[in-house]
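Visitor:
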Amino acid sequence: MAQALLPDDLWLVIDPLLPAPPQPGPKGGRPAIGNRETLTGILFVLKSGIPWEMLPREMGCGSGMTCWRRLRDWQAAGVWRRVHAVLLARMHGAGLIDWSRAAVDSCSVRAKRGGLGTGPSPVDRGKAGIKRHLVVDGHGTPLGLTLTPVNRNDGPELGALLDAVPPVRGRRGRPRRRPDKVHGDKGYDARRCRDECRQRGITPRIARRGIEPRDRLGRHRWKVERTHAWFGGYRRLVIRYERRDDIHLGLNLLAMCLITFRQGKRLC
């Protein structure tokens, strides 16, 4: 049996965090499509990878442009980061987040139509692309992500990536947002990266060039690579088609919420 695009228990988390649908003006007009129907259309585009204009009206989600505009507005309102924080808080309260270690890594994505936030790829004949930087806990649950042009090195982005982890509530005491250790490959082998970890109270476990054997690099890092592969399951993210970086970021954050929700169901 096919799974629902928007399960009821996930909708109960997202619904209170969404702004109310726009209302018709004083001169009347068509009633706005509901938030749940619109989000279902966005999820269909995210998972299938079809162009916005090809979204089937038979689904009752309105037009692709309606879904695109609603995604734009929700991203501007910071909805997806709040949803992600709520999901992490639920997992933290249930003891499902492994704060003892985290892993960081990046994944390059080609940008077919270019756009803001892209850059020339140094390994793909200068074609436009972006990088998704990801930090995950010891189970592979995504804690935060950032996007940069593809020609930006991993090391300088480490501080911003660690700061992308939201304060996670769910238990008594101060919110938690820092893992005990961070594992990284040789792309983070720099004094600056280790200093940024220590300034945040994190022990760096970064592979050293010419010292660490290659066969030991994946002992803990494979979980962040697996999470990047989970992002690849959302076909709209395999190649960046969005010219606007806020739309592409919104789709990545929505995918992060879906992966976090699925991790909570898998680990409980």
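Here the sequence shown is numbered in full-length UniProt numbering, starting from 1 and rising by one per residue.
A virtual CB, placed ideally from N, CA and C, is assigned to each residue, including glycine.
1) Please list, in chain order, all residues of the same chain as Leu116 whose beta carbon is under 8 Å from its beta carbon, the five residues on each side excluded.
2) Could you give the first and the last residue of the continuous alpha helix (DSSP H) run that contains Gly93?
3) What did DSSP end up calling Val165 once you bin it into helix, strand or coil?
4) Going straight from the alpha carbon of Lys131 to that of Pro22, what length do you get?
5) Tell me which residues share the same chain as Asp137 and place their Cβ nearer than 7 Å to its Cβ, disregarding the 5 neighbours each side in the sequence.
6) Rounded to a whole number of angstroms, what is the C-alpha to C-alpha distance between Cys61 and Lys186?
7) Taking the alpha-carbon of Asp154 as reference, which of Val104, Thr227, Ile211 and Ala20 has the nearest alpha-carbon?
8) Is DSSP giving Val104 helix, strand or coil here?
9) For Asp195, name the three-state secondary structure that DSSP assigns.
10) Tell me which same chain residues have a C-beta within less than 6 Å of the C-beta of Pro166, skipping the five on either side of it?
11) Hey, how far is the Cα of Thr118 from the Cα of Ile247?
12) Does DSSP put Leu6 in a helix, a strand or coil?
13) When you compare the CB positions of Ile14 and Leu39, do they come within less than 8 Å of one another, or not?
Guide: Taking the coordinates as given:
1) The residues are Arg243, Arg244 and Asp245.
2) Val79 to Gly93 is the span of the alpha helix (DSSP H), which, as asked, contains Gly93.
3) Coil at Val165, not helix or strand.
4) Distance between the alpha carbons of Lys131 and Pro22: 34 Å.
5) Closer than 7 Å at the Cβ level, and outside the excluded window around Asp137, lie Ile97, Asp98, Trp99, Ala102, Leu143 and Pro179.
6) Spanning the two alpha carbons is a distance of roughly 46 Å.
7) Checking every option, the nearest Cα to that of Asp154 belongs to Val104.
8) DSSP, read as helix, strand or coil, puts Val104 in strand.
9) Residue state, collapsed to three classes: helix.
10) Within the same chain, Cβ atoms closer than 6 Å to the Cβ of Pro166 are found at Ala85, the five residues on either side in sequence being excluded.
11) For Thr118 and Ile247, the distance between alpha carbons rounds to 13 Å.
12) In this structure, Leu6 counts as coil in the three-state DSSP scheme.
13) Taking 8 Å as the cut-off, the Cβ atoms of Ile14 and Leu39 count as close.
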